[in-house]
Amino acid sequence: MSLLRLGAYSAALTRSFAVDRSVQRFMNGDYCHLCLRIRSNGERQIQDKTWATIYQRHYSAIPKKEDGKKRFCEQSQLLDVLEARIQQLQSDAVVDVKHSKVQIIKMQQKIQKTSPGNSQKNLPGEKAEMLKSGPSAKKGGTEGVGPSKTHASRWMEKLKREKWINPKKQTSHRMHDKTVVGKNSKGREDSKTSASTTTSSKINIEIDQQSSSAPERLLEDKEGNRYGDPQLRIRCYLEACVFIDDVARAQSCLLSHHRQLSKRMHLSISAYNIVMRMWAKRGSFNHIRRLFVLIEEAGLKPNVVSYSAALECIGRMPECQTWIIKRCLQQMEVDGLSVDDVFRQCVFKKDEREMVLRAVRLVHPEYQPIVSKDQPVCSLPLVKQFYAEMYFLFYSPHHIIYHIYTINNNIYFIILVAMETKLTFDSYVMPMLCPPIPWTSPKSGAYLLTPTKLMRSTDGAIQHQLLLEKSRDEDLHAVLDSLNQVGSCPWKINKPLLDIIISIFNDKGNDKLCIPPPLSEAPEIPRFNPHDPSYTQAEKAYMKREGVKAKKKVAEMHSLRMDALYKLSIANHMRDEIFWFPHNMDFRGRTYPRPPYFNHLGSDVTRGLLLFAEGQPLGPKGLVWLKIHLVNLTGLKKCSSLAGRLEYADSIMEDILDSADHPLDGRKWWMNADEPWQALACCMEIANASRSPDHTKFISYFPVHQDGSCNGLQHYAALGRDVIGATSVNLMPCEVPQDVYSGVAQQVEEFRARDAEKGLKIAQVLEGFISRKVVKQTVMTVVYGVTRYGGRLQIEKRLKEIDDFPKDYIWEASHYLVKQVFSSLKEMFTGTREIQEWLTESASLIAKSGRTVEWVTPLGLPIVQPYHRIKNQTLKSSMQNLSIHISHDANEKPDSMKQKNAFPPNFIHSLDSTHMMLTSLHCYRAGLTFVSVHDCYWTHAVTVDIMNRMCREQFVALHSQPILEELSRFLLKKYCSDFDLEKVKESVYFFS
């Protein structure tokens with residue numbers, strides 16, 4: 001019994017008196033005239049003999065002598081049975097019936113004899129037992145009251161039995177679009193016979209077609225709120241009513257769904273809470289009380305938000321009896337909640353918290369909300385020690401990152417200044433001019449005003465957010481702290497480099513330097529008259545193809561030019577500012593800056609324009625790392641040791657200084673680098689440092705990069721413990737760096753030479769053309785699930801870039817080379833292929849079972865692959881029909897092919913994101929500046945050695961965990977076991 005029902009009425013009153021008249025009217029909406037007539041008769045008798053009725057209902061074991069009392073008890077029982085039967089048929093109709101009618105026969109008639117086809121031996125135990133007692137039941141039915149079972153008791157048995165039959169019936173009905181009323185042809189004949197001898201009343205049940213086709217499994221949050229299309233529509237409508245402050249419309253919507261059982265199933269506790277909080281603002285306790293009645297009728301349980309709304313409403317009332325508040329608090333304890341839970345779990349707006357506190361203090365004047373200092377510590381093995389050590393330094397483990405922010409109390413002043421500034425760009429695509437708001441939960445972080453998702457997803461996809469909200473807060477501490485760490489790095493613009501780039505941009509650009517030229521440099525589109533008889537058909541076709549190519553080139557040049565203009569405009573706008581990039585992540589855990597156009601994940605141009613806003617002295621080895629970094633940017637000396645690269649940098653110091661002093665009119669050495677703009681910026685930094693009086697004290701703002709050696713293969717080699725593969729990707733110590741791309745190219749060349757000796761023509765044609773560049777992209781993407789077809793296209797593109805290669809052999813050569821590349825990788829990484837095949841097969845089986853692939857990273861981040869079958873939906877309007885394709889609808893079946901092919905690369909991506917997050921946390925603890933571009937880590941030149949050491953240590957720590965074993969256990973528990981042992985805790989009849 002709900003607390004507010006008890007608070008408004010006496011506990012001794014019966015159910016007919018417990019329901020308010022307004023609630024009673026809409027409850028009667030689903031009942032037939034027969035039920036209402038019996039109900040009204042029962043109510044009249046209750047009103048005449050209230051206390052007698054109470055004693056009769058509660059002490060039914062006492063022998064009854066008056067026939068009137070006997071008839072009333074039978075009517076009361078019959079009323080309960082009919083109500084239960086109607087609810088059952090309506091709930092069945094939601095699944096089984098589409099725009100059909102259900103016939104319900106009056107129960108006062110005698111039970112018909114069973115047909116020969118329904119003999120006792122063909123029925124379940126309960127049904128056979130019921131038929132055995134048929135004669136006595138029939139006799140009892142004739143005499144009115146007797147020792148045998150009454151009609152009501154028999155119908156109760158039938159209801160219990162059909163609870164077990166209905167799931168099978170629903171399964172069979174889902175296989176058909178047509179709904180059959182009746183069991184079989186013989187049953188229909190029997191029903192016609194019985195209908196001719198009995199008086200029947202028909203109930204027409206209108207079923208919403210969308211409700212009847214609701215999916216079996218819907219997404220749920222940790223409070224049990226379901227997220228199908230009907231549920232989302234209801235919540236969106238109610239929240240829109242909240243926005244326009246139309247509580248009457250919200251109440252009407254809620255009641256219209258609550259009245260019909262077919263629609264009530266779409267209501268969750270959050271829907272009732274939305275309306276409840278609206279009435280709480282108005283201090284309308286009667287409406288709050290009625291909503292609690294509705295919650296109980298819907299079979300739901302009030303949560304902390306429900307009780308918070310009730311207490312807020314009481315707090316807004318001018319006068320309130322304290323016994324109501326006490327009863328409310330007592331009911332909270334019964335439901336396993338406390339007042340502290342309300343203040344700890346609820347999110348309050350404006351004066352809501354004060355109103356709740358006012359209501360509580362009416363009965364407990366000295367009450368103060370308790371904020372526990374012993375907050376749960378992240379217990380994940382990878383970071384347990386990390387947080388245990390940091391716990392002694394800071395108040396809360398989860399807030400170790402947040403103390404770096406200083407909050408300006410005059411936030412209104414900041415917003416006012418921002419409003420006075422004329423913005424050329426949308427605020428959410430611009431870098432922030434203040435540190436981002438720390439991520440404290442999946443719902444709060446990044447921008448000051450713009451709402452931001454913690455996990456990027458397609459608009460409308462909610463499964464990621466629900467998984468995050470179901471996770472324990474302490475399990476997400478490491479992930480959130482890492483995002484806060486990489487987002488807390490301040491940046492500034494390299495103004496000398498920006499001026500050079502803008503000058504080239506305004507002077508017709510430069511394709512070699514990735515500065516797009518204007519459209520004035522675009523090729524002229526050939527124009528001709530297709531009806532001119534002087535042109536042959538072949539010439540017309542040729543001119544048409546050339547015109548299409550020219551138009552495509554013009555469109556591409558325009559797009560690239562506008563993209564560069566956009567980036568340079570933002571950079572120029574920020575040239576005198578210090579700014580920040582707020583971060584979030586994709587569904588695999590990979591972090592990304594929120595501003596999409598200008599950030600450190602961009603092209604060589606945008607990366608070259610960025611400097612750390614906080615400088616660090618170079619120290620004794622800082623200049624050395626700047627020189628090594630410059631050589632890395634050129635793409636030269638990849639197989640040389642660090643000492644060899646430093647020696648090469650010293651040998652070209654004249655070119656480095658000339659590039660810094662005369663970038664556009666000197667030797668232009670920097671223009672031949674793989675990353676020319678970053679190389680030029682590094683030349684300028686080296687020149688300034690080498691010319692300073694003491695380069696060890698030179699303050700450097702330049703970011704130095706350290707990149708993984710084919711990071712995907714590194715993770716695979718560590719998982720499979722492949723010695724040969726681990727050596728080729730630098731997991732093993734060597735005197736010189738190993739280059740897996742060169743190693744694969746060398747092995748492919750050996751295969752080619754062997755085939756050429758056997759006389760294979762294509763192997764002979766490829767002599768001298770197999771290089772590191774030809775195979776690099778395919779080797780790099782094999783670990784991310786590239787197929788042979790995709791690999792062939794990659795190699796084909798590389799071969800087309802070679803001017804001397806015969807074009808007639810491109811297709812055959814690419815087909816041959818991709819086969820050799822895959823064979824070479826299979827020999828070098830034996831464990832890799834086995835792991836890939838296991839992941840692929842597991843995902844295939846999971847998808848075929850109708851479920852999406854999920855897993856949890858070693859840092860506790862839950863991941864689900866959002867690949868579902870495409871749902872085509874047509875939006876009709878008076879002007880046109882718009883067809884849209886939705887591929888993220890979680891209610892659709894999973895896309896088996898995408899689920900299968902994407903699992904291996906996505907799993908590896910989740911591991912490299914985990915490695916990055918671990919490294920960022922430990923770099924922060926050591927006081928290092930750290931940002932990342934996936935598997936490329938940036939820091940100051942003076943701290944490169946420390947970052948390198950931490951990077952290696954965290955990789956070892958990560959792969960020291962039983963990653964594959966834990967994944968296997970997770971998949972077995974989630975997909976191979978339908979029984980959840982924790983459900984035993986909720987089983988009322990476990991011991992009864």
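Terminal number for the sequence shown in my numbering: 992, no gaps in between.
Glycine included, each C-beta is placed from N, C-alpha and C at the ideal position.
Quick caveat, the model's predicted, so the values are computed rather than measured.
Residues of its chain near residue i, where Cβ-Cβ distance is below 7 angstroms and the 5 sequence neighbours each way are ignored
i              : result
arginine 277   : Ala309
asparagine 410 : Low local confidence applies: a pLDDT of 47 at asparagine 410 is under 50, so the model's placement there is unreliable, with the coordinate-based value given in what follows. Result list for asparagine 410: empty, nothing under 7 angstroms.
tyrosine 237   : Cys253
threonine 197  : In this prediction, threonine 197 has a pLDDT of 37, which is less than 50 and means its spatial position is unreliable; nothing more can be read from the coordinates.
Pick from the options that is closest to residue i, judged by C-alpha positions
i                 : options                        : result
alanine 541       : Ala555, Lys553, Pro526, Lys552 : Pro526
serine 896        : Ala890, Ser877, Arg851         : Arg851
serine 842        : Pro904, Leu630, Gly725         : Pro904
alanine 564       : Pro733, Lys848, Ala649, Gly509 : Gly509
isoleucine 884    : Ser878, Gln330, Arg752, Thr874 : Thr874
alanine 689       : Val429, Cys328, Glu297, Val942 : Val942
phenylalanine 528 : Tyr592, Pro518, Glu521, Glu539 : Glu539
glutamate 297     : Glu986, Asn303, Ser270, Arg259 : Arg259
leucine 261       : Gly622, Pro302, Leu294, Gly725 : Leu294
Cα-Cα separation, residue i to residue j
i              : j                 : result
cysteine 253   : valine 334        : 30 angstroms
glycine 615    : glutamine 764     : 56 angstroms
glycine 283    : glutamate 354     : 14 angstroms
isoleucine 802 : isoleucine 795    : 11 angstroms
tryptophan 677 : alanine 550       : 29 angstroms
serine 700     : tyrosine 566      : 28 angstroms
tyrosine 784   : glutamate 966     : 21 angstroms
alanine 679    : leucine 610       : 13 angstroms
proline 451    : aspartate 459     : 13 angstroms
valine 984     : phenylalanine 970 : 20 angstroms
isoleucine 314 : phenylalanine 285 : 7 angstroms
glutamate 319  : alanine 359       : 10 angstroms
serine 659     : cysteine 683      : 7 angstroms
glycine 791    : glutamine 777     : 8 angstroms
valine 818     : glutamate 812     : 10 angstroms
methionine 828 : proline 516       : 41 angstroms
valine 988     : tyrosine 789      : 57 angstroms
Residue span of the alpha helix (DSSP H) that contains residue i, given as start and end
i                 : result
tyrosine 566      : 537 to 573
leucine 799       : 788 to 800
lysine 900        : 896 to 925
isoleucine 493    : Run containing isoleucine 493: none in the alpha helix (DSSP H); it sits in the beta strand (DSSP E), 490 to 493.
proline 230       : 229 to 244
phenylalanine 648 : Residue 648 is actually tyrosine in this sequence, not phenylalanine. Taken as a continuous stretch (DSSP letters only), the alpha helix (DSSP H) holding tyrosine 648 covers 642 to 651.
phenylalanine 970 : 963 to 975
Where the beta strand (DSSP E) through residue i begins and ends
i              : result
valine 856     : 854 to 856
asparagine 881 : 881 to 886
tyrosine 937   : 936 to 939
methionine 585 : 583 to 585
proline 862    : 862 to 864
tryptophan 439 : 437 to 441
valine 592     : Reading the sequence as shown, one finds tyrosine at residue 592 and not valine. Unbroken beta strand (DSSP E) run through tyrosine 592: 591 to 593.
Proximity of residue i and residue j at Cβ, strictly below 7 angstroms
i                 : j              : result
alanine 555       : isoleucine 578 : no
phenylalanine 930 : cysteine 936   : no
glutamine 231     : histidine 266  : yes
threonine 857     : threonine 919  : no
isoleucine 325    : leucine 362    : yes
serine 824        : glutamine 714  : no
valine 429        : proline 595    : yes
methionine 917    : leucine 859    : yes
leucine 467       : proline 862    : yes
valine 729        : serine 709     : yes
Neighbourhood of residue i by C-beta distance below 6 angstroms, restricted to the same chain and skipping five residues each side
i             : result
histidine 940 : Gln616, Thr929
glutamate 986 : none
Nonlocal neighbours in the same chain, by C-beta distance under 8 angstroms from residue i, ignoring five residues either side
i           : result
lysine 974  : Glu854
leucine 630 : Ala649, Ile656, Ala679, Cys682, Cys683, Ile686
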